[in-house]
Structure formats: C-alpha cells, structure tokens
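Here our numbering is used: the first residue of the sequence shown is 329, the next is one more, and so on.
Glycine included, every Cβ here is placed at the ideal spot set by N, Cα and C.
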Amino acid sequence: MRMGRLLAVGTAILCFAPSGAALAKVSASADGKLLRLDGGGVTYAMGVDDKGYLQPLYWGAALDAGAPLAAKVPGELSGFDPAGSITAQEYAGQGEGLVSEPGVKAMFADGNRDLVLKYRGHKVSGETLTVELADIRRPLSVTLRYTMDPTTGVIARSASVRNGDAQPVRIDQMAAATFTLPTGDDYRLHYLTGRHGAEWSQASVAVTPALTVLESRRGSTGHGNQPWFAVGRSGTSETDGPVWYGALAWSGSFQLSVGADNLSRVRISGGYNPYDFSWTLKPGETLDTPVFYAGYSAQGMGDASRRFHAFQRASIIPGGAKAKIRPVLYNSWEATTFNVTEAGQMALAEKAAKIGVERFVVDDGWFGARDDDKAGLGDWSVNPKKFPNGLKPLIDKVKSLGMDFGLWVEPEMVNANSDLYRAHPDWVLHFPDRPRTEGRNQLVLNLARADVRDHILGWLDRLVRDNDIAFLKWDYNRNWTEGGWPGVPPQDQQRVQVEYVRNLYHILTELRRRHPGLEIEGCSGGGGRIDLGIMGVTDQSWTSDNTDPFDRLTIQDGFTQAYAPSIMMAWVTDSPNWANGRETSLDYRFLSAMQGSLGIGSNLDHWQQGDFDTVRTWIAAYKEIRATVQRGDLYRIAPPRPDSATSATLYVAPDKRQAVLFQMLHSSMFRDNVGAVALDGLDPARTYKVRMLDGAALPDGVPGLASGAYWMRAGVRVKMKGDYKGLGLVFEAVK
Ligand code: GLA
329 MRMGRLLAVG TAILCFAPSG AALAKVSASA DGKLLRLDGG GVTYAMGVDD KGYLQPLYWG
389 AALDAGAPLA AKVPGELSGF DPAGSITAQE YAGQGEGLVS EPGVKAMFAD GNRDLVLKYR
449 GHKVSGETLT VELADIRRPL SVTLRYTMDP TTGVIARSAS VRNGDAQPVR IDQMAAATFT
509 LPTGDDYRLH YLTGRHGAEW SQASVAVTPA LTVLESRRGS TGHGNQPWFA VGRSGTSETD
569 GPVWYGALAW SGSFQLSVGA DNLSRVRISG GYNPYDFSWT LKPGETLDTP VFYAGYSAQG
629 MGDASRRFHA FQRASIIPGG AKAKIRPVLY NSWEATTFNV TEAGQMALAE KAAKIGVERF
689 VVDDGWFGAR DDDKAGLGDW SVNPKKFPNG LKPLIDKVKS LGMDFGLWVE PEMVNANSDL
749 YRAHPDWVLH FPDRPRTEGR NQLVLNLARA DVRDHILGWL DRLVRDNDIA FLKWDYNRNW
809 TEGGWPGVPP QDQQRVQVEY VRNLYHILTE LRRRHPGLEI EGCSGGGGRI DLGIMGVTDQ
869 SWTSDNTDPF DRLTIQDGFT QAYAPSIMMA WVTDSPNWAN GRETSLDYRF LSAMQGSLGI
929 GSNLDHWQQG DFDTVRTWIA AYKEIRATVQ RGDLYRIAPP RPDSATSATL YVAPDKRQAV
989 LFQMLHSSMF RDNVGAVALD GLDPARTYKV RMLDGAALPD GVPGLASGAY WMRAGVRVKM
1049 KGDYKGLGLV FEAVK
C-alpha cells in the first residue's frame, strides 16, 4: 500500500508533568488508510488494508511522524490458514475464518452468524478518534472510540454496536477492545488474583497459544481476578524493559483473555463476560461497552504503574487533581462490630479526636433490626434502641470534636428477615420457582429494575440530606447466585449483567451530584469490587478485610501494581490481628498503614495512656507526609516477598522536594544488618536533609544531609534487629 501523507487533524496542547511528555495527537493520513495516536512517549497505529480490514500496526515507544507504517494484505499461509483468518484485525467480527477471540459475535434473526467487519470511515475530534466498521452485507455497524492521554500515553478504548436492520440481532459476545502486541514468543502476563482476606496476590504466566482467561462470573468484579493485566517480555523487570498494561473499567462480570496465535501474534481482549451474556438489539438499538484503558512503558513494571497511577489520579478518581487529600479516619467495626450505641460511639469519638482523627465512621449495626448479620439489611432507618434520638446527637458530638461523620451502608443487599424483603420478595435477583441461595444470610437486590434503583437512590438521598453525613462506606458482601431477572421478556433477561452495573453507577453518580461534598468508599468484603469503573464514582477503596500489617504489605504491593495508592485505605487495628493472630507492635502497624491512606480501626477503649501518646505522634507524622504518599510517585525499592526478610517502599513528591522511605524487617533470620537501600526518583542535583518519621534520632551511619545523587547511588544503610520492625525516613530538599 502506498504511504499516505500524514495530516495532523486533531492536536491538543495540555499541561504536562515535569517528566515532559509529548503532545497528544490524533492523526490520519490523507487517504484515511493510516490512523495514529501519539502521546506520553507512546505511539499507537492502525491501518486499513486493500481489502478494507482495519489492522493493528504498532503499539509501543513513540515513532517519528513519517514512520513507514502500512497495512498489508497477508497471503494465504496454507489451505488451513486462509488470508482472511490470518489477517490481524483491530476489532474483529466472529465470521469468515476467525480463530481468535472476536470483538463481537452476533446472530441475525435468520440464523446467520457470519459477521465480517470492514472499515467504513473515521472521524477525529480533538484527542478522540472514532472509527466506523460495518459488516460486509448486513446493516450492523461498530463504532470504535480511542482517546489518548497526552501525559501518560494511556489509551481509552471502547466500542458500540448498532443494529441498522429491521429485524432484531442477538449479540452473544462483546469486547471493549482487542490490543495486539508486536509479534514475539517471550511474553509474560502478570495478573492479580486472590480471595476474601487474601486479595491482590501477584501471579504470572507465559503467554502462549494456550489462552489465559482472567474473568469474573460473579456479577461483580470479585476477589478472584482483577480486570487488569501487565505483559512484559523476557527481560522486563521492575526498572527495565517493555510493559503493556491496562484495565477494564467495569464492576460486573468481565473477561480478559491473553494469548498468542500460531504465528506468535499476541492479543489481549477484554469486555463483557460472554458466559451469561446476550443482548438482543432491537432495530435501531445500540449497545455500548465499558472503557478499556491501556498503556505502554519502556521502563519496566515500576514506570508502568507510576504512569497508570498518574492517569488514574488525573482522569479517573473524582475531582482529578482537585481531589481532596484523604482524611485520617476512625472506623468502629473491629472495635464494636454490631454493638453500636450512641453512648459507646460518643466515647470512641472523644478518644479518636484526641489522637488527631479527622473523620469518624460508624460501621454496620446502626439501622433496622441489625444486631447481627441475620437481619435488617434493607431497612435503612436508624435503630431506635441504639440511637433513641436518631443520629443527630452523635453527629453533633463528632462535629463538635472537629471531625466529620461517616456511615456504613450496604444498599444493594437485603436480609430475608427484613421488612423490605417481606414487602418486595420479587426485588431480588432470582429465577421463579428456583432456590434463592443466601450468602451471609443476604440476597442481592436486582438493581437492573428501575423501581429498585429509584428506591435505593431515594433512601440514600434522604439519609444524606437529613443528616450531616460527609462520607459513606458503601459495602457489598456477597456474589450473585441465580442471577435471574424475571419480569422482562426472556430474550432481555441477560441484560441484568449490564443494567445492574449501569444502575449502580447511576445511583452513585446521581447521589454525588445531589450532594457534592459527599465522599464514598467502595468496599466489598474488603477488595471484592475494585476496578476503574467503581473508582470513577468513589473516592477511596477498602482493599481487604485482612488488616494484619505484614500481610497488608503484600496486599498493598499487589494493589499498587494496578491502582493508585491515593485511594488505598489502610487501617491500624488491634494486635493480635483478628485475621491471623499475628502480634505486632503499634509502630510496625503504623509504618505499614502509613504507606496508604491512613485509618484507625482499633478498639480505643482498650488502649493505655502510652498508646495514645504513640498514636498521636504517628498520626501527626503522617499528616506531614501524606500528600507525598497519596500524590507522589511510588517506587517499589524492595517488594515484600516470601523469600526476603526485608522490604522497602519509597514515595517521591511530584516536585521531588520530599520523599519518604519505609523500610520493613519481617524476620531478622540471624541477620541484624539490612543491606543498603538505594533510593530512586530524587533530583540528583538537590540536597536532601533526612530525618526519622517518628522524630527519633537518626540511626548510626545515616548522614543527615546529602545530595539526591548520593541517596540514589550510595543508598541508606540502617541496622535493624528483630521481627516485624520498621522505620520511616523523610527526605526534605533543602536547596
Ligand atoms: C464487610 C466489610 C467490613 C465491615 C463488615 C460489616 O465485611 O468488609 O469492613 O464493614 O462488612 O458487616
């Protein structure tokens, strides 16, 4: 194909991070056969071949504007691999000889299941490119959307399918995007997996023709697999080598598949999970996918995650750059469980205020007949025995102590033993005349129903309007079973998988719109529903119910591979820890929790005077460094690993004027001398003064003042002894 002249049709100039990223530019050749997105040091290109297929051409480090990219029609490899089936497609219909995961799979009213999508046109508008594909015979079209972030090079991709026919068309599978990597056979997929209390475990597997599927069939994101991937090559490490990464912004059942074909072409496809999916498109109707965000780094897993964190802070998390720093919160759950009372909470609030807590949160048990987890969910009126005068006296007290007030809710659930369920047994997900399996004694309300959606939004709106509530902890404590939606025609019942999640987003979005000051924490039995979708409508995330400070280091290390530390809540709780019985010092618990957004979940009634003094010191110290932890760049200097006695995490402020190093010793293993820890990300030319985070004297051998170059080359060497010890060092630029 003749190379077309590149014509810049959509160029945007934005403010850049100090790292100095390139401009984001969407460009198309004059003949429309080459489409490119350039930004953040990344180029993404696709092209139309002479048969009209849209082919992926390139995704990686920035190419110069005249790079000779062009889509070519491949020849037939053999009778077993005809040209059509070996053409790499940007977004394929299930038809012709396609043998890889399709973008979209459809069945027309007459039973035809052959869908072949070819390029029809494109449009550039600012930083957004839309490409129109259509079937070669039938009036079924797909619109692909691309936007590239100019600072990080993160691409946002999504798709819409439209039925232009006079008959309905059934869509059986639909991806938001398929990404294609340069051909190779040395790729490794990194992913995050786990279960309740043990979320965010890191795993990796070679990318081969054996397709790897990361998915949730649970109705929500789930604890099992994250809708996130990072793919590196054989030499890729934390600090070096190429990484392609991304995450689907969807809080329902999802599927991400990663695999190579018999020609070593690697594809990553992600979207709705086809296992219980079908959507019958009526004539003229359109189905949209969620957004699949993805990026590239040439500098290892560390740089990849820092880019993704920066993108999330700027473009996903509500408020963007203007989002508030997370306040230090106290949550009474581990202290009181369901035994909440006005007097008991007031006593805790007084103690919390004295140690520097800024937000006081009452967890489960404040409503309905909620004395344990067997009853009350769904009945969201204040329990009159526990709070005889409503929530107002407690809220007034909390506010008079200088804190704001937060409350736990679990709006999507109902106990069978509740007034709501007795009144509306048809409001839950179910199939008629089939069992309704309970989880934690509760059933899932069918948010896909408009009446359920409106009911939930209505009581939440009243609750927040009638009480001075600054914060909601929004919980979701079971997965779907029998996910049926009777009440709509059978061919529309599987829409529940999509409509449920859309209505969840609608409720959260509308609640926030009506109450602009309200902040929300996403929680699902810990980290069972964390993804870029829920992140766009919540302010922070509860990553795990496992609050053991040592386990938490691994959980935090896994979480931050994908998501920004600014939303990662971390609590200091009691020792021995409820989850595993491990005993640790208060200092160690703080040093672990201060690596995210700090909360306190201890039973303050059990603390001694000395504990209060210790805690006051740590919370004050945290407030001096939290902007760096929450908004800075995270360097995983030495990640916590089972075969290592130590770990070290470093946060560097965006202006590089402050850095905080957390060094943890899990087991002395007869070694009392931890090796030097070389810092990263500092300004080599600046001089940094170092101090202990808790105000103690600097350990022997650590100079008080040195250049960024010194700290990054010679490093810090601190003698530590014992099990579950830690220290924090703060580096402040003096010039
Ligand atoms: C879930 C949450 C906990 C707590 C309880 C309350 O398990 O993860 O933090 O809120 O529910 O029932």
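May I have the straight-line CA-CA distance separating R793 from H843, to the nearest angstrom?
Going from the Cα of R793 to the Cα of H843 covers about 8 Å.
How would the residue list near ligand 1 read, in chain order, if you kept each one whose beta-carbon is closer than 7 Å to any heavy atom?
Those satisfying the condition are, in chain order, W661, D691, D692, D701, W736, K801, D803, N805, C851, G853, G854, W870 and D873.
Starting from L839, trace the alpha helix (DSSP H) in both directions and tell me its first and last residue.
Run containing L839: V824 to R842, per the alpha helix (DSSP H) assignment.
Give the secondary structure of K1063 by DSSP, where H, G and I count as helix, E and B as strand, and everything else as coil.
Coil, per DSSP.
Report the residue from V401, W755 and R473 whose alpha carbon sits nearest the alpha carbon of L457.
Checked all of V401, W755 and R473; the closest Cα to L457 is R473.
When DSSP labels each residue in this structure, what does Q1064 get in the three-state scheme?
Residue 1064 is absent from the model: the chain starts at 329 and stops at 1063.
Could you name the residues that DSSP lists as bridge partners for D782?
Paired residue(s): none; D782 is not in a bridge.
Just to confirm, are S579 and L775 a CB contact at a threshold of 8 Å?
In this structure, L775 does not lie closer than 8 Å to S579 by Cβ.
Which residue marks the beginning of the beta strand (DSSP E) containing W661, and which one marks its end?
Per DSSP, W661 belongs to no beta strand (DSSP E); it is in the alpha helix (DSSP H), W661 to T664.
Can you tell me where the alpha helix (DSSP H) with V726 in it begins and where it stops?
Unbroken alpha helix (DSSP H) run through V726: K720 to S728.
Straight-line CA distance for A558 to I653?
Going by the C-alpha atoms only, they are around 28 Å apart.
Which two residues bound the contiguous beta strand (DSSP E) that contains S413?
Premise fails: S413 lies in the alpha helix (DSSP H), A411 to I414, not in any beta strand (DSSP E).
Under a three-way DSSP split, which group does M502 fall into?
Strand, per DSSP.
Under the three-state reduction of DSSP, which class applies to R793: helix, strand or coil?
In the structure shown, R793 sits in a helix (DSSP, three-state: H, G or I).
What does a CB cutoff of less than 6 Å around A505 pick up in its chain, not counting 5 residues either side in sequence?
Around A505: R485 and F620.
Count the other CB atoms, across all protein chains shown, that sit within 10 Å of the CB of F639; report buried if there are 16 or more and exposed otherwise.
The residue is buried, with at least 16 neighbouring Cβ atoms inside 10 Å.
Under the assumption that I883 contacts S869 (Cβ atoms under 8 Å), give the Cβ distance between them as a whole number of angstroms.
Actually they are not in contact, since the Cβ atoms of I883 and S869 sit about 12 Å apart, beyond 8 Å.
Go ahead and pull the three-state DSSP assignment for F918.
Looking at F918 - three-state DSSP - the assignment turns out to be helix.
Whose CA, out of L468, H752 and G403, lies closest to the CA of R498?
Answer by Cα proximity: L468.
Between A437 and P496, what straight-line distance do the alpha-carbon atoms span, to the nearest angstrom?
If I take the Cα positions, the gap works out to 6 Å.
Which value, in whole angstroms, describes the spacing of the CA atoms of L365 and G599?
Cα to Cα, the separation comes out at about 22 Å.
Pick out the complete beta strand (DSSP E) segments inside the segment 608-663, 3 residues or longer, and give them in chain order.
614-616, 620-625 and 657-659, all fully within the segment 608-663.
Compare the C-alpha of W802 against each of E766, W736 and H994 and name the closest.
When only C-alpha atoms are compared, the closest one is W736.
Taking V427 as the reference, give the member of N590, L1033, T536 and L584 with the closest Cα.
It is N590.
Nearest by alpha-carbon distance to T974: which of T956, G960, V980 and S995 is it?
The option with the nearest alpha carbon to T974 is S995.
I'd like to know whether the C-beta atoms of N601 and R523 end up nearer to each other than 8 Å.
Against a cut-off of 8 Å, the Cβ pair of R523 and N601 comes out as no contact.
Can a CB atom of chain D be found closer than 8 Å to the CB of H551?
Chain labels in this structure do not include chain D; a single protein chain is all it has.
Under a three-way DSSP split, which group does W802 fall into?
Correct three-state label for W802: strand.
Taking the continuous beta strand (DSSP E) assigned at Q1115, which residues delimit it?
For the chain, the structure presents residues 329 to 1063; residue 1115 sits outside this window and is missing.
Quick one: what does DSSP say D885 is sitting in, helix, strand or coil?
In the structure shown, D885 sits in a helix (DSSP, three-state: H, G or I).
Could you tell me the alpha carbon to alpha carbon distance between G1050 and T875, rounded to whole angstroms?
Computed Cα separation, rounded: 21 Å.
Is the CB-CB distance between I697 and G704 below 8 Å?
Looking at the sequence shown, residue 697 is not Ile but Ala. It is a contact, given that the beta carbons lie within the stated cut-off.
Here's a check: name, in chain order, each residue in its chain whose Cβ is nearer than 6 Å to the Cβ of S606, leaving out the five neighbours to either side.
Correct list, in chain order: R498, D500 and Q822.
Give me the DSSP bridge partner(s) of G388.
DSSP output for G388 lists T371 as bridge partner(s).
Is I341 buried or exposed, if buried means 16 or more other CB atoms sit within 10 Å of its CB?
Per-residue confidence for I341 stands at a pLDDT of 28, beneath the threshold of 50, marking its modelled position as unreliable; no derived number is given.
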